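Number of protein chains: 4
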Amino acid sequence: MIIVMSPQATREQIDNVERKLSQLGYRTHPIYGDVKTVIGAIGEKRLEDTQSILSMPGVENIVPIMKPYKLASRELKQIQTIVKVGNCRIGDSKAVVIAGPCAIESYESYVSVAKQVKESGASILRGGAYKPRTSPYSFQGLEEDGLKIMAEAREITGLPIVTEVVDTRDVELVASYCDMLQIGARNMQNFRLLREAGASGKPVLLKRGLSATIEEWLMAAEYVISSGNQNVVLCERGIRTFETATRNTLDLSAVPVVKEFSHLPIIVDPSHSTGSWKYVSALSKGAIATGADGLIIEVHPDPNCAMCDGPQSLKPNKFSVLMQELGSVAIAVGRTI
Amino acid sequence: MIIVMSPQATREQIDNVERKLSQLGYRTHPIYGDVKTVIGAIGEKRLEDTQSILSMPGVENIVPIMKPYKLASRELKQIQTIVKVGNCRIGDSKAVVIAGPCAIESYESYVSVAKQVKESGASILRGGAYKPRTSPYSFQGLEEDGLKIMAEAREITGLPIVTEVVDTRDVELVASYCDMLQIGARNMQNFRLLREAGASGKPVLLKRGLSATIEEWLMAAEYVISSGNQNVVLCERGIRTFETATRNTLDLSAVPVVKEFSHLPIIVDPSHSTGSWKYVSALSKGAIATGADGLIIEVHPDPNCAMCDGPQSLKPNKFSVLMQELGSVAIAVGRTI
Amino acid sequence: MIIVMSPQATREQIDNVERKLSQLGYRTHPIYGDVKTVIGAIGEKRLEDTQSILSMPGVENIVPIMKPYKLASRELKQIQTIVKVGNCRIGDSKAVVIAGPCAIESYESYVSVAKQVKESGASILRGGAYKPRTSPYSFQGLEEDGLKIMAEAREITGLPIVTEVVDTRDVELVASYCDMLQIGARNMQNFRLLREAGASGKPVLLKRGLSATIEEWLMAAEYVISSGNQNVVLCERGIRTFETATRNTLDLSAVPVVKEFSHLPIIVDPSHSTGSWKYVSALSKGAIATGADGLIIEVHPDPNCAMCDGPQSLKPNKFSVLMQELGSVAIAVGRTI
Amino acid sequence: MIIVMSPQATREQIDNVERKLSQLGYRTHPIYGDVKTVIGAIGEKRLEDTQSILSMPGVENIVPIMKPYKLASRELKQIQTIVKVGNCRIGDSKAVVIAGPCAIESYESYVSVAKQVKESGASILRGGAYKPRTSPYSFQGLEEDGLKIMAEAREITGLPIVTEVVDTRDVELVASYCDMLQIGARNMQNFRLLREAGASGKPVLLKRGLSATIEEWLMAAEYVISSGNQNVVLCERGIRTFETATRNTLDLSAVPVVKEFSHLPIIVDPSHSTGSWKYVSALSKGAIATGADGLIIEVHPDPNCAMCDGPQSLKPNKFSVLMQELGSVAIAVGRTI
């Protein structure tokens, strides 16, 4: 890291910072500029050190040189990670489509839509049994009953299932039913939940927080990996900006940025990010062409009767058309779907 | 709510929407404009209905008229809520100052700073025993040992204590030690934690999420209140914007906005929002003059040895000077400190 | 529009609002809810009226129902606009690629890169003669000498040219040299410049402002069109968010949103939005797959000698490869490049 | 500046960067870390160099150490600048209040409100003769007729006048009438207008752009100062965020940040930032307590007949009450009003 001293820093203050850095095990290289002095510090990066030095007299700023994440970083592991969920491989040349309704509402409707999305080419089933809802008065999910319905749909379709977990107390139960755990955007920095999900041994689908930087997102992945679980798939789902035409702003630039800095696969959620089925098709194609390793798309047989997020759900027939179109786009960028 | 039909909506689509609204128990009032038809729907607002109608053919948009929160709203309760924490009353004419270090590091340092901030006029002690840290490699807090230290500091100073809880599994334990539970910014939409905190019966200090709108924040308060606990204090702690000169952008406008729409007290955190002790004094004064019901300020005896957030911590002597200055500002706006 | 009265509004206040609306030529339809009254107002939308009513006693909020733009709107003109620039048609089935260096630096380098991008399949040449630079000490462009170089490159390549105009006093001069005027992001709400550009009669390439909503962007287009010039091409170039891994956040959702609400063509700038040539290829493909009508890409023969924005410029050989890849993506979504 | 080389950078690439830096006149200091090499470069900062080096092979990032602005910086000039407008001194111990309506609508109404705000203690009159309006169909101002009315109000009240200029072609005319030129938020990076305003010799009130960082804002001030005009007053007027309860988010942290990094005075606009008169009083007091050198407040005799921004305008009697309250707050922080 680089410590930038203020123009008014005294020689004594500079020496104190160097001494402290040495005590912390850094080798130091001061550079005396015309206006400011900067000190290069070589050694293992520890965030706490950064903070304690930043509050020393005469220190203006600290510039980290190394990324704060290690296990999630391409600096450490250059080969692309492939995460296996059932028979499905996320991060490989075949782009993976995860599909299903926002919430599980009943056995019939879920199994019906599960069959249809499988028919259209989806590789993994999604569905919410525990719903984190903005309003305490909204439908909160079928909980374990929902998990059972998902498990039956897996039996019928042969597709693996992914569902969100929202409470550390539920991790074991949810992991016993499903093939992949989803950490939702609102829980991206629920660090205890990240640790439990990591410890469960199941692959983790880690959604980006609504206002998380890519670096913070990779730090959240670091929590999961450092709990012993390398199988993390990142999911870009839109960030919060001033624009109101869409629910959030889908940040497709995150795809090549994550590819540059991390070995983890990244998929894209065009449904939650836009909040409207009208934009799902265009942005699904855009995501695959940009290089995403897959998509997670909401499909509901009857969106205007959905208990949750109907407006952003595709009908099964529209999803089927989209899957065909995605096939062409995938081929154009050297992949399959 | 108002349902806006698209310019291309057919008469049949309009009728279908009206019929559905009637089934859901709304009275409907269509207004036929030159380009678009809108339908006024009167009845109890339920968010799920909004969603299901939004996905009906011909519907362009839905405009809610009522606020989504009720129990947190001034529409329901016009009298300002006063939350009692020990002998301290938050929301009353005396502005309340909560002070202490970011993390609890040792008995000696905590008790020492606790005495000093009491001496300077603080009303409640803060301190972190469970720290939600961005990096898995950072200090995560002393946990129960930290709670014990806080409890001893309460004995010595007579001041009530507030600390953050980060996991549903810890709520009971933390509530057994402290006088007020803090829900941190990253957990503002950890709905399970909100419910547990609400159910604990302890007053709750609810920090605004990094990218939460004021409406979502009040909805989070609604979760706590609807779990049977009216004693919620809101804490503005900065929102995430493009500006990088400060860690976050302190939104002091939230103070009069919350006062308009809610009966809950609101305090301000100038330490976390700015990330630098240099700006704490100016913004503390600004917050009190704007009408905040109090402040939560980080104070550490030796910021460049702090294990967490040293750069934003005031030294006890600077805090003492600030408290005197705040006294004058409080009087200027008809309060005390 | 819908006027929402506050819960405390008196009958007299409601009557006053209705009376004022009638005076302004609106037909009114009050709906008396259990808590709030809302008034539907039918008539030609005028923004000034909105403002004056919003400040009447008892009025809580005003909800516009009609979009504020007309000439730029699909409500008025449903057929997609095709803008002709020289022989090139923007908005048609062939996606148009505009390419060239950020700034014009010399005759030799510009003509050389112009020939190369033409060879690779670009349809229009770009280049900056007037550069709006953040620092007053940065290179500000060759001005009229740059325009002359561009005009010569047009002679040599046969490709039309587009360049930015930054001052109302320069519009006539710039329009006399080039085939299309660019309004930069920083000038998107320089309304005088919009009017002059509109009055010039030349097609206008209108970049989205760094923090402009799509609605404000279409209002800026409305300024140009209302000055008598229908030939407006919108250009998405990234918006400002908290994310720092890219210079701005490219908002590809804007492509389908603009297609829904406006008849104007929309192209995408992956160079300025990301600020790094490393991400240009991925996002160019993403933009075409999402449905953009074209791209504007920076190409420089020797980026590390560029006087401006070198880091985001592709070398001509990389651009050539990208053009081939874009051809496949375009075909996959039913277009050509 | 510090050049960060990528972990894969070869020795040859590192040498090339060093050689280029030397050619550009920098002294270089390489630091070889375990994973990455960084190169410290000492010399006069030139932004163009930064850009050209950033695109060299093996370079990962460049970290500027010096601020990009000089003339606006406290590094260069440590004494607080005081800007004189008529007899009024902005930046001195007396906080300055600028007041008046958003737009000038008629002689009678303007002179009437001018007298009232003077009576209440305002020091400078504001008013818009050229209005930059989002819609081309909105009232655009009385132009020179408005300037004449303002000049007459100055004669009558003895107060200096400030008004916005929106076009380089108008600067001379506007400067011939008024005592201070305002550059609006939408024109903060209209660099030609900044230069002309600087060259006019009149003091300049420079509003912060809607999405401008504090650094970019100071760079805009640098444009004015480098045109020979030191008399720049900064005006914080809210930035664009995701929050919709207020029109923009007033960033009061900007006050102490600007005070730290610049010698220029800074005032605050609570009217445009919030968009509602209801919040003006609270935030005016907050701004003064935070250390702002003044305020600019909209006052209109009859807000619900205002042609522009009525909802955010105070009535003269409310303004009068506010001025008294501000007096107490100013005293509490060691100033007067």
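Chains as they are written, first to last, in this note's numbering: chain A, 1 to 337; chain B, 338 to 674; chain C, 675 to 1011; chain D, 1012 to 1348.
Glycine residues also receive a C-beta, built at the ideal position from the N, C-alpha and C atoms.
Owing to the predicted nature of the structure, the values given are computational and were not obtained by experimental measurement.
Around the C-beta of I688 (chain C), 16 or more other C-beta atoms lie within 10 Å, and the residue is accordingly described as buried.
Within the segment 880-926 of chain C, complete alpha helix (DSSP H) segments of at least 4 residues are found at 888-900, given in chain order. Using a Cβ-Cβ cut-off of 9 Å, I1342 (chain D) is close to S665 and A669 of chain B, given in chain order. Runs of the beta strand (DSSP E) spanning 3 or more residues and lying entirely within the segment 812-842 of chain C occur at 835-838, in chain order.
Per DSSP, Q312 (chain A) has no beta bridge partner at all.
For a cut-off of 8 Å, the C-beta gap from V907 (chain C) to L880 (chain C) is around 7 Å, short enough to register as a contact.
Interface with chain A (8 Å Cβ-Cβ cutoff): M393 (chain B) is included. Interface criterion met: the Cβ of V375 (chain B) is under 8 Å from a Cβ in chain C. Interface criterion met: the Cβ of Y616 (chain B) is under 8 Å from a Cβ in chain D.
Linking T246 (chain A) to A873 (chain C) through their CA atoms gives a straight-line distance of about 33 Å. T586 (chain B) and S1264 (chain D) have their C-alpha atoms roughly 7 Å apart. T50 (chain A) sits in a helix when the DSSP states are folded into three classes. Contact annotation for V931 (chain C) against chain B: no contact, minimum CB-CB distance about 13 Å [criterion: below 7 Å]. Annotated three-state conformation of G437 (chain B) is strand, per DSSP. Assignment of C642 (chain B) by DSSP, reduced to helix, strand and coil, places it in the helix class. The continuous beta strand (DSSP E) containing I340 (chain B) extends over residues I339 to M342. Interface criterion not met: the Cβ of Q345 (chain B) is under 8 Å from no Cβ in chain A.
With a minimum length of 3 residues, the unbroken runs of beta strand (DSSP E) contained wholly in the segment 60-119 of chain A fall at 83-85, 88-90 and 96-100. Look at T1061 (chain D): its C-beta is not under 8 Å from any C-beta on chain B.
CA-to-CA, the gap between V636 (chain B) and A451 (chain B) works out to about 9 Å.
The shortest CA-to-CA distance from E889 (chain C) to any of C:K822, C:M862 and C:S696 is the one to C:M862. Contact annotation for G965 (chain C) against chain A: A282 [CB-CB distance below 7 Å, chain order]. Boundaries of the beta strand (DSSP E) around A1052 (chain D): T1048 to I1053. Contact fails between the segment 340-360 of chain B and the segment 133-147 of chain A, because fewer than three Cβ pairs, one in each stretch, are under 8 Å apart. Residue state for I337 (chain A) is assigned as coil, using DSSP reduced to three classes.
Within chain C, no C-beta atom comes nearer than 7 Å to that of T500 (chain B); the closest sits roughly 28 Å away. Interface with chain B (8 Å Cβ-Cβ cutoff): G707 (chain C) is included.
Beyond the five residues adjoining it in sequence on each side, A549 (chain B) comes within less than 6 Å, by CB distance, of M525 in the same chain, given in chain order. Residue nearest to A643 (chain B) within the set A:I104, A:A292, A:G127 and A:S55 is A:S55 (criterion: CA-CA distance). Among the residues facing chain B, T134 (chain A) is included, as its CB has a counterpart in that chain under 8 Å away.
For the segment 689-701 of chain C, the set of positions with a beta-carbon nearer than 7 Å to some beta-carbon of chain D is empty. If you draw a straight line from the Cα of M1191 (chain D) to the Cα of Y1118 (chain D), it comes to about 20 Å.
At a cut-off of 8 Å, the C-beta of S120 (chain A) has no neighbouring C-beta in chain C. For the segment 860-889 of chain C, no residue has a beta-carbon sitting nearer than 7 Å to a beta-carbon of chain B. Counting other Cβ atoms within 10 Å of its Cβ, E243 (chain A) reaches 16 or more and is therefore classed as buried.
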